[in-house]
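With positions in the sequence shown counted from 1, the corresponding number in the working numbering is that position plus 546.
Here's the structure, in structure tokens; my notes come after.
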Amino acid sequence: MTTFKNLGLDPELLSALEKLGFEKPTPVQEKAIPALLETDNDLVALAQTGTGNTAAFGLPLLQKLEFTGFTEALVLAPTRELCMQITRDLETFAAFKPELKIVAVYGGASIRDQISLLNRGSQVVGATPGRLIDLLERKAVHLDQLRVLVLDEADEMLNMGFQEDIDTILSKSPSDRQSCLFSATMPPEVRRIAQRYMRNPAEISLAANTINEYIEHHYYVVKEKNRYEAV
Ligand code: AMP
Numbered sequence: 547m548t549t550f551k552n553l554g555l556d557p558e559l560l561s562a563l564e565k566l567g568f569e570k571p572t573p574v575q576e577k578a579i580p581a582l583l584e585t586d587n588d589l590v591a592l593a594q595t596g597t598g599n600t601a602a603f604g605l606p607l608l609q610k611l612e613f614t615g616f617t618e619a620l621v622l623a624p625t626r627e628l629c630m631q632i633t634r635d636l637e638t639f640a641a642f643k644p645e646l647k648i649v650a651v652y653g654g655a656s657i658r659d660q661i662s663l664l665n666r667g668s669q670v671v672g673a674t675p676g677r678l679i680d681l682l683e684r685k686a687v688h689l690d691q692l693r694v695l696v697l698d699e700a701d702e703m704l705n706m707g708f709q710e711d712i713d714t715i716l717s718k719s720p721s722d723r724q725s726c727l728f729s730a731t732m733p734p735e736v737r738r739i740a741q742r743y744m745r746n747p748a749e750i751s752l753a754a755n756t757i758n759e760y761i762e763h764h765y766y767v768v769k770e771k772n773r774y775e776a777v
């Protein structure tokens, strides 16, 4: 059986996973974690949402931090909720790295508060694309020392019209960064981002059309007029 320890994770991260009750890696974690830890190659992962993607990119990202004093890792996500969830998960995985600062920046919340958090320093930033562009224009965040960039739910980000923002963000970050792209589907627009901004990425694909075994499915037969109430 593959364990998190076999995948090459540090004792600090293993303790956090034990505390969380994660007993064994999910399939995407089993493939992505060693690929990201062992090399600085780019990675495209075709995996459904809810199958453990955050730990798949988050654990290697946390292990690779060098505490240079700059923002070293950026995770882009399509929505405020996902952005908050990712940063919360990363904080939980980094429970035994108390020196680590992770800041979440997203629209619909005070930009001033976010700027003051960024001013206190952050090794990891989780962001929605539009708010990040705003912060880049205000020079409140700097990507020039970025070492890892993650695009989570890339297909959703493009569906939501973030293509141009993503282009801007990717073109402003250092070309020698490690990039990872996670997506549930691979439409031509996502493929284009991988071709344009990633260097010969390794690809992993986890049967995108199968049902997510971590979600329980139930159904109830109801009259059509009652369906909203029933939901
Ligand atoms: P994610 O796809 O990252 O949003 O994860 C979906 C859910 O699965 C979250 O509630 C995680 O905490 C949980 N999870 C992720 N990886 C594991 C694992 N290896 N073992 C148990 N639960 C996990």
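Note that CB positions come from ideal geometry on N, CA and C, so glycine has one too.
Would you decide whether T549 is buried or exposed? Buried here means 16 or more other CB atoms lie within 10 Å of its CB.
In the sequence shown, counting from the first residue as 1, residue 549 sits at position 3. Classification of T549: exposed, given that the 10 Å Cβ count is below 16.
A650 bridges to which residues according to DSSP?
For the purposes of this step, residue 650 is taken as the residue at position 104 of the sequence shown. Per DSSP, G672.
At a cut of 8 Å, does the stretch 651 to 660 reach the stretch 568 to 585 through at least three beta carbon pairs?
Verdict: no, contact absent.
Of the residues L697, R693 and L692, which one's Cα is nearest the Cα of T674?
On the sequence shown, residue 674 is found 128 positions in, with the first residue counted as 1. Nearest C-alpha to T674: L697.
Helix, strand or coil for L592? Go by DSSP, reduced to three states.
Position 46 of the sequence shown, counted from the first residue, corresponds to residue 592. Of the three classes helix, strand and coil, the one that applies to L592 here is strand, per DSSP.
DSSP has I750 in a bridge; who is on the other side?
Looking up residue 750 in the sequence shown gives position 204. In the DSSP output, where bridge partners are listed per residue, I750 has A591.
Check for me: the beta strand (DSSP E) holding Q724 runs from which residue to which?
Reading the sequence shown from its first residue, position 178 is the one you call residue 724. Where Q724 is concerned, the enclosing beta strand (DSSP E) stretches over Q724 to S729.
Among the residues of its own chain, which have a CB less than 6 Å from the CB of C629, if the five just before and after it don't count?
In the sequence shown, residue 629 corresponds to position 83, counting from 1. So the qualifying residues of the chain are A623, A650, Y652, G672 and T674.
Compute the minimum distance between the beta carbon of Q575 and the heavy atoms of the ligand AMP, and state whether it is under 7 Å.
The residue you call residue 575 lines up with position 29 of the sequence shown. Q575: yes, Cβ under 7 Å from the ligand AMP.
So does F728 have its beta carbon nearer than 7 Å to some heavy atom of the ligand AMP?
Position 182 of the sequence shown, counted from the start, is the residue given in the question as residue 728. No, since every heavy atom of the ligand AMP falls outside the 7 Å radius drawn around the Cβ of F728.
Judging by CA-CA distance, which residue of I648, D635, P557 and Q669 is the nearest neighbour of L611?
As a first step, residue 611 must be located in the sequence shown, where it is residue number 65. The candidate whose alpha carbon is nearest that of L611 is Q669.
For V768, tell me which candidate among Y760, T633 and V777 has the shortest Cα-Cα distance.
By 1-based counting over the sequence shown, the position of residue 768 is 222. Cα-wise, what sits closest to V768 is V777.
Could you say if the stretch 590 to 601 and the stretch 723 to 733 meet the contact criterion of at least three C-beta pairs nearer than 8 Å?
Contact holds: three or more Cβ-Cβ distances are below 8 Å.
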